[in-house]
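Student:
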Amino acid sequence: MDCSHAQSLLDTYLDNELDPVRNLEIDEHLHGCARCSQSYSERQLFRQNFKTESLYFKAPTDLQKRIERSLREAARAETPSRWFGLSWVKMAAPMAAAALVMLTFLPFIRGPSPDELLTQEVVASHIRSLMVNHLADVPSTDEHTVKPWFNGKIDFSPPVSDLAKEGFPLVGGRLDYLNDRPVAALVYQRDKHVINVFVWPSNQSAQINAPIKTQQGYHVIRWANARMNFWVVSDLEASQLATFADLLKSSVATSPS
Amino acid sequence: MGGNDKLQRFEQAIMPHMDAAYNLARWLTRNEQDARDMVQEAYLRAFKFFDGFHGGDGRAWLLTTVRNTCYTWLEQNRRNRVTTSFDEEIHSTDEDSMNPSALALKSGDVEMLKESLEDLPEEFREVIVLRDLEEMSYKQIAEVINVPLGTVMSRLARARGRLKRILCSRVKDKS
Numbered sequence: 195m196d197c198s199h200a201q202s203l204l205d206t207y208l209d210n211e212l213d214p215v216r217n218l219e220i221d222e223h224l225h226g227c228a229r230c231s232q233s234y235s236e237r238q239l240f241r242q243n244f245k246t247e248s249l250y251f252k253a254p255t256d257l258q259k260r261i262e263r264s265l266r267e268a269a270r271a272e273t274p275s276r277w278f279g280l281s282w283v284k285m286a287a288p289m290a291a292a293a294l295v296m297l298t299f300l301p302f303i304r305g306p307s308p309d310e311l312l313t314q315e316v317v318a319s320h321i322r323s324l325m326v327n328h329l330a331d332v333p334s335t336d337e338h339t340v341k342p343w344f345n346g347k348i349d350f351s352p353p354v355s356d357l358a359k360e361g362f363p364l365v366g367g368r369l370d371y372l373n374d375r376p377v378a379a380l381v382y383q384r385d386k387h388v389i390n391v392f393v394w395p396s397n398q399s400a401q402i403n404a405p406i407k408t409q410q411g412y413h414v415i416r417w418a419n420a421r422m423n424f425w426v427v428s429d430l431e432a433s434q435l436a437t438f439a440d441l442l443k444s445s446v447a448t449s450p451s
Numbered sequence: 156m157g158g159n160d161k162l163q164r165f166e167q168a169i170m171p172h173m174d175a176a177y178n179l180a181r182w183l184t185r186n187e188q189d190a191r192d193m194v195q196e197a198y199l200r201a202f203k204f205f206d207g208f209h210g211g212d213g214r215a216w217l218l219t220t221v222r223n224t225c226y227t228w229l230e231q232n233r234r235n236r237v238t239t240s241f242d243e244e245i246h247s248t249d250e251d252s253m254n255p256s257a258l259a260l261k262s263g264d265v266e267m268l269k270e271s272l273e274d275l276p277e278e279f280r281e282v283i284v285l286r287d288l289e290e291m292s293y294k295q296i297a298e299v300i301n302v303p304l305g306t307v308m309s310r311l312a313r314a315r316g317r318l319k320r321i322l323c324s325r326v327k328d329k330s
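Chain order of the listed sequences is E and R. The numbering of the first sequence is my numbering, which starts it at 195 and goes up by one. The numbering of the second sequence is my numbering, which starts it at 156 and goes up by one.
1. For the 8 Å Cβ check, are there 3 or more pairs between the region 347-359 of chain E and the region 314-328 of chain E?
2. For a contact meaning CB atoms closer than 8 Å, what does E:Arg266 contact in chain R?
3. Quickly, what does DSSP pair E:Leu380 with across the bridge? List them, please.
4. Looking at chain E, is there any beta carbon in it that lies within less than 8 Å of the beta carbon of R:Ile245?
5. Hey, out of E:Tyr250, E:Arg263, E:Val317, E:Ser202, whose CA is closest to E:Val426's CA?
6. Considering just the uninterrupted stretch of the beta strand (DSSP E) at R:Asn223, what are its terminal residues?
7. Tell whether a beta-carbon distance below 8 Å holds between E:Ile406 and E:Ala432.
8. Please classify R:Val307 as buried or exposed, where buried requires at least 16 other C-beta atoms within 10 Å of its C-beta.
9. Starting from E:Ala418, follow the beta strand (DSSP E) in both directions and report where the run begins and ends.
10. Return the chain-ordered list of same chain residues with a C-beta closer than 7 Å to the C-beta of R:Thr220, the five sequence neighbours on each side being excluded.
11. Given this structure, state the Cα-to-Cα distance separating R:Lys161 from E:Lys259, to the nearest angstrom.
12. Just how far apart, CA to CA, sit R:Asp251 and E:Gly367?
13. Counting along the chain, where does the alpha helix (DSSP H) carrying E:Lys245 start and finish?
14. Please compile the residues from chain E whose C-beta is within a distance smaller than 7 Å of the C-beta of R:Ala312.
15. For E:Lys341, name the three-state secondary structure that DSSP assigns.
16. R:Arg181 versus chain E: which residues are under 8 Å apart at the beta carbon?
17. For E:Thr448 and chain R, any beta-carbon pair shorter than 8 Å?
18. So what does DSSP say about R:Glu166, is it helix, strand or coil?
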């Protein structure tokens, strides 16, 4: 190790943050180099200056008391028993008003449908899989590795086919949880875009082919045959994702399982 | 969830780090009264979002909130802030040109170190405070200021270089 390299690592060395190999190299270098050892001792001396109490500001005791007090208040505000402590007489008028509003507007208010909720869930699951760097429990481009991996983990066997020839290589699979049940997630890729395919058994006999939906910039395509539900989600451009979905549909239709 | 139960867990995990919180706030705001307000606000915020704390490093978790609170405040008070622009091109970066006597300060000179540290821009000041005063590891610092580990290392190096240069010029001015 030469001097300029050693110099650049001296502070990290003093911080005790070098890997063991580098640490040893610096040890050795300092043994043999008077100039760098001198610089090392100077830096060490300089750091001593920080060890004085006059640079560290401790929290004043009255601040501590003040914070403890306001925290207790905040905790009390979060305790639900306070609600029930309110007298019903005082509550009666606002509650009656609220009930009236509800009765008037209820017919016009509609929460999100189960379908919309599931779409949100699928998109959230897709984003999460990218965010926490947990795309695949079984990273493999081989359908004969991915498919058996699900054995014993879920109570169904998802159809897995590699579409690498068509430009959508299989990347892997993982377990996920959607619609209140464990589902199989198959991961495909197109260039830099990740495609998640969620699969679980369907309980309706009718075929479904829902139109493509877009949420938060992600496209969602879903369909169901007599056996399985399929939800495909990606930030891939819509027409390409539709191509992918068609490929998957036909490969599932021809697959033996 | 019961507020009292939450308070009890909060008191165990977060309360012991009030000195760390105040020290960081004091260095970022550079005055006592604002530091008090920041710490109080940060504690209330931390309590509110305590359900998002899943164990681990309570000090780093709290300091993240303290830092965010202080930065919001700094943004709002930007116009009052004296920005010390320090031209790195003009001031030589050569370590050898530094007066070594500046590196071992006499006891009375700590005040000069304090002023020099206060002159650093916040992003440099905070890494020195977290590393040299709070004695946190690079990993903990990375968590608090939300940057990759490598950035902590390079920012610390630049911060220390700047600090020493500011200090040297102060020592020179004085003598």
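Here a beta-carbon is modelled for each residue, glycine too, at the ideal position from N, C-alpha and C.
Tutor: In short:
1. The region 347-359 of chain E makes no contact with the region 314-328 of chain E; the number of CB pairs closer than 8 Å stays below 3.
2. Going along chain R in sequence order, the residues near E:Arg266 (Cβ under 8 Å) are Leu162.
3. Answer by DSSP bridge pairing, in chain order: E:Gly367, E:Val391.
4. At R:Ile245 the pLDDT is 43, less than 50, meaning the model places this residue with poor confidence; the figure from the coordinates comes in the next sentence. For R:Ile245, the answer is no, since every Cβ of chain E falls outside 8 Å of its Cβ.
5. Answer by Cα proximity: E:Val317.
6. Where R:Asn223 is concerned, there is no enclosing beta strand (DSSP E), although the alpha helix (DSSP H) it sits in stretches over 213-231.
7. Yes, these two residues count as a Cβ contact at 8 Å.
8. Buried, by the Cβ-count rule.
9. From DSSP, the beta strand (DSSP E) with E:Ala418 extends over 412-418.
10. Only Ala197, Arg200, Ala201 meet the Cβ criterion.
11. The straight-line gap from Cα to Cα measures roughly 19 Å.
12. Any reading at R:Asp251 must be qualified, since the residue scores a pLDDT of 44, below 50, and its modelled position is unreliable; no value is offered.
13. DSSP places E:Lys245 in no alpha helix (DSSP H); its state is neither H nor E.
14. Neighbours of R:Ala312 across chain E, judged by C-beta separation under 7 Å: Asp205.
15. Here E:Lys341 sits in helix by DSSP.
16. Chain order gives the chain E residues near R:Arg181 as Phe251, where near means a beta carbon separation below 8 Å.
17. Not a single C-beta of chain R is nearer than 8 Å to the C-beta of E:Thr448.
18. Of the three classes helix, strand and coil, the one that applies to R:Glu166 here is helix, per DSSP.
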